[in-house]
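Step one of this worksheet: look at the structure below.
Number of protein chains: 2
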Amino acid sequence: MTTPTDPPAHEEHSRREDDLLERIAAIVGRRTIPRGEVHVGDDAAVLEPFVGQALISTDIAVLGVHLDAELFPLEDLGYKAVASAVSDLAAMGGRPRGAVVAVTSPPGTDLEELHRGIADAAAMTNCPIVGGDLARGRDVAVAVTVFGECPGRGAVLRSGARAGDQILVTGPLGRSAAGLRRRRAGARLDDELVVAHRRPWPRLAEGLAARASGVHAMMDLSDGIGIDLHRMADASGVGFELSEVPVAEGATLDEALNGGEDYELVMTCADVGRLSLIFADRGLRRPIVIGRIHEDPAVRTFAGRPFERTGFQHQF
Amino acid sequence: MTTPTDPPAHEEHSRREDDLLERIAAIVGRRTIPRGEVHVGDDAAVLEPFVGQALISTDIAVLGVHLDAELFPLEDLGYKAVASAVSDLAAMGGRPRGAVVAVTSPPGTDLEELHRGIADAAAMTNCPIVGGDLARGRDVAVAVTVFGECPGRGAVLRSGARAGDQILVTGPLGRSAAGLRRRRAGARLDDELVVAHRRPWPRLAEGLAARASGVHAMMDLSDGIGIDLHRMADASGVGFELSEVPVAEGATLDEALNGGEDYELVMTCADVGRLSLIFADRGLRRPIVIGRIHEDPAVRTFAGRPFERTGFQHQF
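Residue numbers (the numbering used here), protein chains in the order written: chain A, 768 to 1083; chain B, 768 to 1083.
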């Protein structure tokens, strides 16, 4: 877009913007672009046809809101924004095809560092960055939109949970929140739990395996199971009885329940044996049963007691 | 994403966010969602298969940078962000399939007004809003990502201009910049040129017609022909000789050259007769020849004189 309240710019400015865009394109660009595709540099990116359903999701990360600049390097903001969005594709059982990144920043922001984090997450999830936009703003904010494809049986929604289903998660919870707590207490950036917070890993392989096994409902734990499981139950019109919540080593029960950004998947299915077999066959960790779906939407319990909505939430 | 620097939130906050998201979904949501599609409410939106190539583009609009809050209502920011992104699809000869919207805002922002503008642009361009994200920030910033499809002959790139091609635009230029000038001088919000600034119209029908006619290169004039034509020439490895620039009624030559946000399309082709016939057949205004492509990339002239890069540019 143009910037009508800017002073009209001159050759130097336009060159400067175009040069910066080229440097950023070199950081995020893939060396090999599939034949027939156009990534950065045109009005829109052009991708070869998607197989099956198209999946789209968008996520924003704001410096000072989603990342404490005193504790973490700027590249973590870029990494986490991409990982969070890609995790939404994992939660549908999809496969990433690409992402675009829109960034606002004040003058003096190290946009190249930010985009190195973006490029790291893109490389780790095999999700090429195919376009972007930059604008001035007071905040450093990164809006990432990912798109993916879902061949085969179709995307797994969060609304498909059925009475009697077992509820499972792909791993123990609370690692990210524990890492944040440890960093605040002075732990190094390469501490194992701090890394879990800085470099969350979208469960793409687990999402594909879960879809292949025919799970009824699935979502990613981005805001904490204390809120996300309620959302799944709301969408499905059911209740749940949680029997246990697996707490990651080094984390507290509160962090496991209310910490976000673990990006483990929660899913429900009728046949845990089949699910476990498919996960094992693919070399994935066995999912953990944490409870069961109840037909009454008013039933929401953990270890037999009422389980209220908690978890991190944006405030407006 | 979670907000690790937020205080842990309680039931009231989570309900408040979920309620706000529901009100916004009602504003931007379509009454009829195609069978098999899922828009807002799941981890990712699910769209039925795209026909042919997939097109993706993202654009950010920041209040105070892209829109003067003293002169224009907040809904214009949402409208313009969507229109600007959809215009990128028009510029490839594509058809919109959907958009997602990521918004940052400080407390007290009228997010419903902002989303009414977003919904207006989505309705006018037949581009459903299928998802979004909200975060706190100091700026009101709207990042819109649109995706479209391009059946038939494939997307038209800006890199395809060939020596000897005629250069055309879909209409006279400068209306948006003239509208901004008039509004600054006190014109009403419903003044015709002010409306051209507030409610730009992506040239989707023109883009489809141009693709059907086999134009060699195309792009939208978002930053002004004074910079955008250079970008097309750079991408194509050619120069150009501009003979005339059509100035819209009420605009100045400077506004026609350097004003952005007109979103007219510029294209190059070898057969102007065929192009005009196809436009006429579809009831579209006849494109205007403004010059010709030169084989030497160093040749960049307007009425025989050197034509330097100008136009609006973001500054970093």
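The beta carbon of each residue, even a glycine, is placed where N, CA and C say it ideally should be. Nothing here was measured: the structure is a model prediction, and the numbers come from that model.
Cutoff 7 angstroms: residue i Cβ touching any chain B Cβ
| i | result |
| --- | --- |
| A:P775 | Per-residue confidence for A:P775 stands at a pLDDT of 39, beneath the threshold of 50, marking its modelled position as unreliable; the derived number appears in the next sentence. So, interface residue. |
| A:G898 | yes |
| A:V829 | yes |
| A:V907 | no |
| A:T912 | yes |
| A:V795 | no |
| A:S1003 | no |
| A:D858 | Residue identity differs from the one stated: residue 858 of chain A is Ala in this sequence, not Asp. Cβ-Cβ to chain B under 7 angstroms: yes for A:A858. |
Cβ of residue i within 7 angstroms of any chain A Cβ
| i | result |
| --- | --- |
| B:L814 | yes |
| B:T1068 | no |
| B:A1023 | no |
| B:M986 | yes |
| B:T871 | yes |
| B:F839 | no |
| B:M768 | For B:M768, the pLDDT reaches just 46, beneath the cut-off of 50, and the residue's location in the model is therefore unreliable, although a value from the coordinates is still provided. At least one chain A Cβ lies under 7 angstroms of B:M768. |
| B:L924 | yes |
| B:R903 | yes |
| B:Q820 | yes |
| B:M891 | no |
| B:D855 | yes |
| B:V867 | yes |
| B:F1074 | no |
| B:V1033 | no |
| B:V832 | yes |
| B:A1015 | no |
| B:A811 | yes |
Collapsed DSSP secondary structure at residue i in the structure displayed
| i | result |
| --- | --- |
| B:R1072 | strand |
| A:D1061 | In the sequence as presented, Asp is not what sits at residue 1061 of chain A; that position holds His. The answer is strand: DSSP assigns A:H1061 an E or B state. |
| A:E1008 | strand |
| A:E916 | strand |
| B:V795 | helix |
| B:D786 | helix |
| A:D990 | coil |
| A:G819 | strand |
| B:R1104 | Residue 1104 of chain B lies beyond the range of chain B shown here (768 to 1083); nothing can be said about it. |
| A:D932 | coil |
| B:V907 | coil |
| A:L838 | coil |
| B:V923 | coil |
| A:A952 | coil |
| B:A945 | helix |
| A:D1038 | coil |
Residue i versus the options, residue with shortest Cα-Cα distance
| i | options | result |
| --- | --- | --- |
| A:E975 | A:L1009, A:V936 and A:R1049 | The residue asked about is misnamed: residue 975 of chain A is Leu in this sequence, not Glu. Taking only the C-alpha atoms, the option nearest A:L975 is A:R1049. |
| A:G1058 | A:V936, A:A910, A:E815 and A:D887 | A:V936 |
| B:E1008 | B:D810, B:E1062 and B:G861 | B:E1062 |
| B:H833 | B:I823, B:C1036, B:V1005 and B:D990 | B:D990 |
| A:R883 | A:D957, A:G796, A:A910 and A:C1036 | A:G796 |
| A:L901 | A:R790, A:A1015 and A:C1036 | A:R790 |
| A:Q820 | B:V907, B:G898, B:L814 and B:L924 | B:L814 |
| B:D906 | B:L1032, B:G875 and B:L924 | B:G875 |
| B:L1088 | B:D843, B:Q933, B:G898 and B:I823 | Nothing about residue 1088 of chain B can be reported from this structure: the residues present for chain B run from 768 to 1083 only. |
| B:A793 | B:E784, B:S980 and B:V807 | B:V807 |
| A:L988 | A:A828, A:P816, A:M859 and A:A869 | A:M859 |
| B:L924 | B:D958, B:M986 and B:V1012 | B:M986 |
| A:A828 | A:V818, A:V849, A:D810 and A:P816 | A:V849 |
Alpha helix (DSSP H) segment containing residue i, residue limits
| i | result |
| --- | --- |
| A:M985 | Where A:M985 is concerned, there is no enclosing alpha helix (DSSP H), although the beta strand (DSSP E) it sits in stretches over A984 to D987. |
| B:E1028 | Careful: B:E1028 lies outside any alpha helix (DSSP H) and carries neither H nor E. |
| B:D855 | L841 to A857 |
| A:A963 | E959 to R965 |
| B:E804 | Here B:E804 belongs to no alpha helix (DSSP H), and DSSP marks it neither H nor E. |
| B:D887 | L878 to M891 |
| B:L971 | L971 to S980 |
Proximity test, residue i beta-carbon vs the ligand HEM heavy atom, cut-off 6 angstroms
| i | result |
| --- | --- |
| B:D995 | Although the ligand HEM was asked about, the structure shown includes no ligands whatsoever. |
Range of the contiguous beta strand (DSSP E) that encloses residue i
| i | result |
| --- | --- |
| A:V897 | I896 to R903 |
| B:V867 | R862 to S872 |
| A:L814 | A812 to L814 |
- Message: For the structure I just gave you, are there three or more beta carbon pairs, one from the region 784–803 of chain B and one from the region 881–901 of chain A, closer than 8 angstroms?
- Response: Taking a cut-off of 8 angstroms on C-beta distances, the region 784–803 of chain B does not touch the region 881–901 of chain A, as fewer than three cross pairs fall below it.
- Message: Taking 8 angstroms as the cut-off, does the region 999–1008 of chain B touch the region 901–916 of chain B (at least 3 CB pairs, one atom from each stretch)?
- Response: Under the three-pair Cβ rule at 8 angstroms, the region 901–916 of chain B does not count as touching the region 999–1008 of chain B.
- Looking at C-beta atoms only, is the number of pairs between the region 925–936 of chain A and the region 849–856 of chain B that lie closer than 8 angstroms three or more? no
- Query: Does the region 835–842 of chain A come close enough to the region 860–867 of chain A that 3 or more CB-CB pairs lie under 8 angstroms?
  - Reply: No, they do not touch.
- Message: So, does the region 942–959 of chain B touch the region 1026–1044 of chain B, judging by three or more C-beta pairs under 8 angstroms?
- Response: yes
- Query: Contact between the region 975–984 of chain B and the region 1040–1056 of chain B: three or more CB pairs below 8 angstroms?
  - Reply: yes
- Query: Between the region 1065–1077 of chain A and the region 955–974 of chain A, do three or more beta carbon pairs fall short of 8 angstroms?
  - Reply: no
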